[in-house]
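A quick write-up on the structure given underneath.
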Amino acid sequence: MQKPPVTISIVPSRLAVGLHLGMALGALMVSMVYAPPWLSAAAALCLGIVLWGYVRRRRGGWQLRFVDHDATGAEWSVSGEWQVQPAGEAGWTRCSVGCGYLGPWLVGLTLAHESHWLWPDSLSKEDGRALRRLLVAGKADI
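Heads up: the sequence shown begins at 252 in this note's numbering, then just goes up one per residue.
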């Protein structure tokens, strides 16, 4: 009997935005202390534009799932495929998934040659555990 697909729901992280904002403010403070005022103003403008673009580029939530094609239900088989469903779309599309970094808090995924960092608030504990088990089991390219 075929196992049901493991579906993982992922949302944009607020921690990532907070970290980027904090680093930008830190760089701006350093420029305000050591740089001339015109350079600090230019830095503030550039950092504001970059942060605004970063926030606007963030996609809504999306889902990732692994469909196992092994009829025996073996946990260590690698016969399956990854599928992704962006928010607001109806169908699942096949994609290649690579794992560039697998840490205790961050997961660096490459979906179809596009890099994604999954922060702790991007997915639930159960979804994070399921994703880590699939990645450790060799279900993704490393």
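Ideal Cβ placement from N, Cα and C applies to all residues, glycine included.
Q) Would ALA363 be called buried (16 or more neighbouring beta carbons within 10 Å of its own) or exposed? A) Looking at its Cβ environment, which holds fewer than 16 other Cβ atoms inside 10 Å, ALA363 is exposed.
**Q.** Counted within 10 angstroms of its Cβ, other Cβ atoms place LEU382 as buried (16 or more) or exposed
**A.** It is buried - the Cβ of LEU382 has at least 16 other Cβ atoms within 10 Å.
Q: Determine, using beta carbons only, whether GLY311 and PRO288 come nearer to each other than 9 Å.
A: The Cβ atoms of GLY311 and PRO288 lie no closer than 9 Å to each other.
**Q.** Bridge partner(s) assigned by DSSP for GLY349
**A.** Secondary-structure assignment with DSSP links GLY349 through a beta bridge to THR361 and ASP392.
(Q) Can you check which of these residues, THR361, GLN314 and THR344, is closest to SER375 by C-alpha distance? (A) Here the closest residue by C-alpha is GLN314.
Q: Pick out whichever of VAL387, ALA295 and GLY269 has its Cα sitting closest to the Cα of MET280.
A: Closest by alpha carbon: ALA295.
(Q) Using only CA atoms, which one of PRO263, ARG384, CYS297 and GLN334 lies nearest to VAL306? (A) Of the candidates PRO263, ARG384, CYS297 and GLN334, PRO263 places its Cα closest to the Cα of VAL306.
Q) Given a threshold of 16 other Cβ atoms within 10 Å of its Cβ, counted over all protein chains shown, does VAL358 qualify as buried or as exposed? A) Label assigned to VAL358: buried.
Q: Compute the Euclidean distance between the alpha carbons of LYS390 and GLU365, then round it to the nearest angstrom.
A: Roughly 18 Å between the two C-alpha positions.
Q: Look at the alpha carbon of TYR352 and the alpha carbon of ARG384, and state the distance between them as a whole number of angstroms.
A: Straight-line Cα distance between these residues: approximately 14 Å.
Q) Would PRO371 pass as a contact of ARG316 if the rule is Cβ separation under 9 Å? A) No.
(Q) If you reduce the DSSP assignment to three classes, tell me which class ALA373 lands in. (A) Per the sequence presented here, residue 373 reads as Ser, with Ala not at that position. Coil at SER373, not helix or strand.
Q) Do you know whose CA, among TRP356, GLY354, ALA286 and VAL268, lies nearest GLY304's CA? A) Considering only alpha carbons, the answer is VAL268.
Q: Would you mind working out which of GLY342, ALA275 and GLY354 sits nearest GLY299, comparing C-alpha positions?
A: Nearest Cα to GLY299 within the set GLY342, ALA275 and GLY354: ALA275.
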